[in-house]
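Engineer:
Numbering (full-length UniProt numbering), first residue to last: 1 to 303.
This is how it looks when you write it as structure tokens:
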């Protein structure tokens, strides 16, 4: 391409600045110190209008001159952009073709990085949680990035993750031992035993040991209270008082008299009983087996 040659001349603007400035300053002195009053309001408005017109005249003149002086610059910019467009039209397909091959190389580097990551995961025995943190960095895809530097970076990251994983494992093991000991102590005073499996979720939630131990003690206390036997009212059953037998009478008469007395002198007791279902059934069986006549007026579950 032929080199661009430009013959440029810096714009020169000459005006009688000092002359106009001096004249303007003299004219402005006439308006200095004017005080607006109700009587002079009309004249002041006319004066302000004249001053605004003079100000706008100078500003319009400035803009017109600037626009005229910038015309050759605008033409130059347009011509340069036209030349750039000619180059861009040819450059674009070449650039797109290069991108296809560069993207292919970046994908190859991505796949290689994934292979190295997989090897490091196996080498350092990373579990699913920590393996997911070993990802492909964007910098691994830079065409200037060497395979050696990628391998070293992946190995370094995998080593750090292995240490974090081991620390987490030891922390959970310490929690497990502490929790099992606490459960063993809590189970000594209750029949419904607590199990370690009931508290593993709190480890996954990230609860502190103190909070988990409090949860164990609270549950044990609840079970202990629930297992306390409820106080039952004592049922006092009065046996009928038998009158003394008259041994002077014949045996048959005595027997008949006793049966008559028993038949005539029966007693009753009105009781309210609370117990679990099995013991209520046992009481019913006892009364039936021993010849008690009874009827249930009301039954239900104790609230």
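All C-beta atoms, glycine included, are put in the ideal place defined by N, C-alpha and C. Computed from a predicted model, the values in this text were never measured in an experiment.
Could you tell me whether the region 47-62 touches the region 96-114, where touching means 3 or more Cβ pairs closer than 8 Å?
Structural biologist: Taking 8 Å as the limit for Cβ pairs, the verdict is that the region 96-114 does not touch the region 47-62.
Engineer: Starting from residue 79, trace the alpha helix (DSSP H) in both directions and tell me its first and last residue.
Structural biologist: In the chain shown, residue 79 corresponds to position 79, counting from 1. 41-123 is the extent of the alpha helix (DSSP H) around residue 79.
Engineer: Do the region 216-227 and the region 179-189 touch if we need at least three Cβ pairs shorter than 8 Å?
Structural biologist: yes
Engineer: Can you check which of these residues, 156, 9, 17 and 2, is closest to residue 70 by C-alpha distance?
Structural biologist: On the chain shown, residue 70 is found 70 positions in, with the first residue counted as 1. Taking only the C-alpha atoms, the option nearest residue 70 is 9.
Engineer: Assuming residue 287 contacts residue 273 (C-beta within less than 8 Å), just tell me the rounded distance between them.
Structural biologist: On the chain shown, position 287 is the one that residue 287 refers to. On the chain shown, position 273 is the one that residue 273 refers to. Between residue 273 and residue 287 the Cβ distance is about 11 Å, and since that is not below 8 Å, they are no contact.
Engineer: So, under 8 Å CB-CB, residue 150 and residue 114 are touching, yes? Tell me the CB distance rounded to an integer number of Å.
Structural biologist: Translated into positions along the chain shown, residue 150 becomes position 150. Translated into positions along the chain shown, residue 114 becomes position 114. With 8 Å as the limit, residue 150 and residue 114 do not qualify as a contact, their Cβ atoms being about 11 Å apart.
Engineer: If I'm right that residue 212 touches residue 179 with Cβ under 8 Å, what's the distance once you round it to whole angstroms?
Structural biologist: Here residue 212 refers to the residue found at position 212 when the chain shown is read from its first residue. Here residue 179 refers to the residue found at position 179 when the chain shown is read from its first residue. With 8 Å as the limit, residue 212 and residue 179 qualify as a contact, their Cβ atoms being about 6 Å apart.
Engineer: Quick check on DSSP: helix, strand or coil for residue 25?
Structural biologist: The residue labelled residue 25 in the question sits at position 25 within the chain shown. Looking at residue 25 - three-state DSSP - the assignment turns out to be helix.
Engineer: Would residue 258 be called buried (16 or more neighbouring beta carbons within 10 Å of its own) or exposed?
Structural biologist: Numbered from 1 along the chain shown, position 258 holds the residue referred to as residue 258. Residue placement at residue 258 is flagged as unreliable, the pLDDT there being 48, under the threshold of 50; the coordinate-derived value follows with that caveat. Residue 258 should be labelled exposed.
Engineer: List the endpoints of the continuous alpha helix (DSSP H) containing residue 221.
Structural biologist: If you number the chain shown from 1, residue 221 lands on position 221. Looking at the DSSP string, the run of the alpha helix (DSSP H) that includes residue 221 is 209-227.
Engineer: Would you report the Cα separation of residue 137 and residue 157, rounded to the nearest angstrom?
Structural biologist: Residue mapping note: residue 137 aligns to position 137 of the chain shown, counting from 1. Residue mapping note: residue 157 aligns to position 157 of the chain shown, counting from 1. Taking the straight line joining both Cα atoms gives about 11 Å.
Engineer: Which whole-angstrom value is the C-beta distance of residue 216 and residue 175, which I expect to be below 8 Å?
Structural biologist: Along the chain shown, read from residue 1 onward, the residue named residue 216 stands at position 216. Along the chain shown, read from residue 1 onward, the residue named residue 175 stands at position 175. The pair is not a contact, with the Cβ atoms about 12 Å apart (cut-off 8 Å).
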